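Engineer: Numbering (full-length UniProt numbering), first residue to last: 1 to 605.
All C-beta atoms in this analysis are idealised placements derived from N, C-alpha and C, irrespective of residue type, glycine included.
Every value quoted in this text rests on a predicted model; they were computed, and no experiment measured them.
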């Protein structure tokens, strides 16, 4: 979602700001802009096109400065037009960029209009700029500290003022913001990736922090206005991750990185031990009697898959809830439940809010499955399992999803072992299956040419159904999500047994039916469901394990997978669905890595 970059230096910083925005493009945005302080106040360039267009504007106007802020905006309040693009100005004195949503902006707007301020945008952000301008008395750091006390909602902001030409002030509440420390220069960014190549030394602000960066250093106060220091860490900013290499899109690159990502995520131990989840995990696991999983989007589907594992392997009752729904309904809390939150970024606003809601209800045992060690989610949970997908640029998640599944499978087997349902032989078998996954995935990736042939036909369709049963129903859900996310083809997924309860009415020869067909205990039931489709003239596209004895014939097309991989089969079967969505989108010419209206890191409700 929205991205922030800020800098104070002794050199022209505009190229660093623009390059930072380029590195944040993967988060999704509708407009972008950059502002620097000049002799007469802030100057800016803004665009409702891509960062490359902004770069051209900057070069054409010779925009330059040693202090500046930049932003990519994903529209919430106000359409993606130039007047709503950040940075937002107040009376050509204050320039500000903002991630998040200000919930009391209408009341603040009315108050500021009463003081004579005119609003030229439809954004909630403009109230922050005018508020800071109205409160400024010569110290921007103190002014921002006072101003944020009037804000309700989520925000990360970076502000500059014409009277303080070597200062940027930032603040965060519910949206990430970090500092980058250089030599004779300092930075702010919503994502460390933005500053790859400029610094690898970062400090991560905590909730309620306000920070001033200058040439001399940084000053931070916490939510109580007390001076604090935040740990400075050396963090690899994954500069190489934004290099496309031989691939056409980052999504394709990330699909093919899955064998490596999964190999890096699989624990390098000889057993499944509670310590994989934190020092205190053994004690926590001994005290729980159920699992509550909270997540959104693709991460939610990884949680639904994990429910099957947790109940079949660990024999522990498991509920999975969409995070944005859970916090707004009355639920029955169980203090002995382990709350598991899942997020690629660890900054997903709905999931963090759901976590806080669960904790407020008395859920003290919490676990994050996350790809970012420095994220808010990891800081706010008792335990954590870190996946090692690396930076994922494509908005449609691929390697983050499969590495989440690895982490959740490890959790299921670990709990199964601790609860006495897994013996040493079974533990060794599960570990062997995990370690074989990267090799098995490479054989699945080799199916790409056959999937490309299917994608040409899918690109001429307007709708698709995805079917799965049992453990593979969530994989069908994920396959449908991928197709609609990047190709804009309407797609829905159903448990195959539910066809006869309504969806069968949609089946015609114009409706492709994608079927996940592993050789498991539900195969014969699935075959019967497939016959129901054929009897109505539907066309089946089946990803079948090699030993299922499902063959291509009239109205049924089959791509053969390798042998059945037991409980880990979902991780293999989702990959061809990713490739099908990807190549269908390529055939349609959509913006695969940046699908319309979507953002990578969803940091607003």
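Between 25, 559, 29 and 20, which has its C-alpha nearest residue 597's C-alpha?
Structural biologist: If we check each option's Cα against that of residue 597, 29 comes out closest.
Engineer: Name the residue from 464, 172, 27 and 336 whose alpha carbon lies nearest to the alpha carbon of residue 513.
Structural biologist: Of 464, 172, 27 and 336, the residue nearest in Cα terms is 464.
Engineer: Which runs of the beta strand (DSSP E) at least 3 residues long sit entirely within the UniProt domain "SIS" (454–595)? Give them in chain order.
Structural biologist: 463–468, 490–495, 512–517, 539–544 and 556–560, all fully within the UniProt domain "SIS" (454–595).
Engineer: For residue 454 and residue 448, what's the separation of their Cα atoms in angstroms?
Structural biologist: Between residue 454 and residue 448, the C-alpha separation is close to 10 Å.
Engineer: Are the beta-carbon atoms belonging to residue 483 and residue 475 less than 7 Å from one another?
Structural biologist: Result no, Cβ atoms of residue 483 and residue 475 do not sit closer than 7 Å.
Engineer: If you run the structure through DSSP and keep just helix, strand and coil, what is residue 429?
Structural biologist: Correct three-state label for residue 429: helix.
Engineer: Residue 21 to residue 545, Cα distance in whole Å?
Structural biologist: The alpha-carbon atoms of residue 21 and residue 545 are separated by roughly 44 Å.
Engineer: Just list the residues that DSSP pairs residue 319 with in beta bridges.
Structural biologist: Bridge partners of residue 319: 292.
Engineer: With a CB to CB cut of under 6 Å and the five nearest residues on each side skipped, what residues in its chain are close to residue 306?
Structural biologist: These residues qualify, in order along the chain: 408.
Engineer: Under the DSSP definition of a beta bridge, which residues are partnered with residue 67?
Structural biologist: Paired residue(s): 8.
Engineer: Are the CB atoms of residue 124 and residue 135 within a distance shorter than 7 Å?
Structural biologist: Result no, Cβ atoms of residue 135 and residue 124 do not sit closer than 7 Å.
Engineer: Based on the DSSP secondary-structure assignment, which residues constitute the bridge partners of residue 218?
Structural biologist: Note: residue 218 sits in a beta bridge opposite 213.
Engineer: Using only the alpha-carbon positions, how far apart do residue 225 and residue 209 sit?
Structural biologist: One C-alpha to the other measures close to 8 Å.
Engineer: At 3 residues or longer, and completely inside the segment 112–174: list those beta strand (DSSP E) runs for me, N to C.
Structural biologist: Correct list: 153–161 and 167–173.
Engineer: For residue 272, which three-state DSSP category applies?
Structural biologist: Correct three-state label for residue 272: coil.
Engineer: Are the beta-carbon atoms of residue 204 and residue 374 separated by less than 7 Å?
Structural biologist: Closer than 7 Å, so yes.
Engineer: Starting from residue 201, follow the beta strand (DSSP E) in both directions and report where the run begins and ends.
Structural biologist: Start and end: 201–204.
Engineer: Could you give the DSSP three-state label for residue 2: helix, strand or coil?
Structural biologist: In the structure shown, residue 2 sits in coil (DSSP, three-state: anything other than H, G, I, E or B).
Engineer: In angstroms, rounded to a whole number, what distance separates the CA positions of residue 87 and residue 27?
Structural biologist: One C-alpha to the other measures close to 18 Å.
Engineer: My parser needs the beta strand (DSSP E) runs of 3 or more residues fully inside the UniProt domain "SIS" (281–421); what are they?
Structural biologist: As far as the UniProt domain "SIS" (281–421) is concerned, its whole beta strand (DSSP E) runs of at least 3 residues are 290–295, 318–322, 337–343, 366–370 and 383–386.
Engineer: Looking at C-alpha atoms only, which residue of 139, 158, 211 and 16 is the closest neighbour of residue 100?
Structural biologist: Answer by Cα proximity: 158.
Engineer: Bridge partners of residue 228, per DSSP?
Structural biologist: Per DSSP, 220.
Engineer: Measure the C-alpha to C-alpha separation of residue 247 and residue 591 and round it to an integer number of angstroms.
Structural biologist: Rounded to the nearest angstrom, the two C-alpha atoms are 15 Å apart.
Engineer: Counting Cβ pairs, one atom from each stretch, are 3 or more of them under 8 Å apart for the segment 501–508 and the segment 550–562?
Structural biologist: As far as the Cβ criterion goes, the segment 501–508 does not touch the segment 550–562, which means the pair count is below three.
Engineer: Would you identify the three-state DSSP class for residue 196, choosing helix, strand or coil?
Structural biologist: Here residue 196 sits in coil by DSSP.
Engineer: Just list the residues that DSSP pairs residue 234 with in beta bridges.
Structural biologist: Answer by DSSP bridge pairing, in chain order: 201.
Engineer: Tell me the residue span of the alpha helix (DSSP H) that contains residue 256.
Structural biologist: From DSSP, the alpha helix (DSSP H) with residue 256 extends over 250–256.
Engineer: Give me the Cα-Cα distance between residue 593 and residue 114, rounded to the nearest whole angstrom.
Structural biologist: Their backbone Cα atoms lie some 44 Å apart in a straight line.
Engineer: Tell me the DSSP secondary structure of residue 446 in three-state form.
Structural biologist: In this structure, residue 446 counts as coil in the three-state DSSP scheme.
Engineer: Going by other Cβ atoms of all chains shown within 10 Å of its Cβ, with 16 needed for buried, is residue 244 buried or exposed?
Structural biologist: It is exposed - the Cβ of residue 244 has fewer than 16 other Cβ atoms within 10 Å.
Engineer: Alpha carbons only, please: which of 299, 293, 334 and 330 is nearest the one belonging to residue 320?
Structural biologist: Checking every option, the nearest Cα to that of residue 320 belongs to 293.
Engineer: When the distance is taken between beta carbons, is residue 72 closer than 7 Å to residue 32?
Structural biologist: Going by C-beta atoms, residue 32 is nearer than 7 Å to residue 72.
Engineer: Leaving aside the five residues before and after residue 440 along the sequence, list all residues of the same chain whose C-beta is less than 7 Å from its C-beta, in chain order.
Structural biologist: Answer for residue 440: 562, 565 and 572, listed in chain order.
Engineer: With a 10 Å radius around its C-beta and 16 neighbouring C-beta atoms as the bar for buried, classify residue 456 as buried or exposed.
Structural biologist: Classification of residue 456: exposed, given that the 10 Å Cβ count is below 16.
Engineer: What distance in whole Å lies between the Cβ atoms of residue 36 and residue 214, which are believed to be in contact at a cut-off of 8 Å?
Structural biologist: Not confirmed; about 15 Å, so no contact.
Engineer: If you compare alpha carbons, which of 196, 398, 389 and 150 is closest to residue 249?
Structural biologist: Among 196, 398, 389 and 150, the Cα nearest to that of residue 249 belongs to 398.
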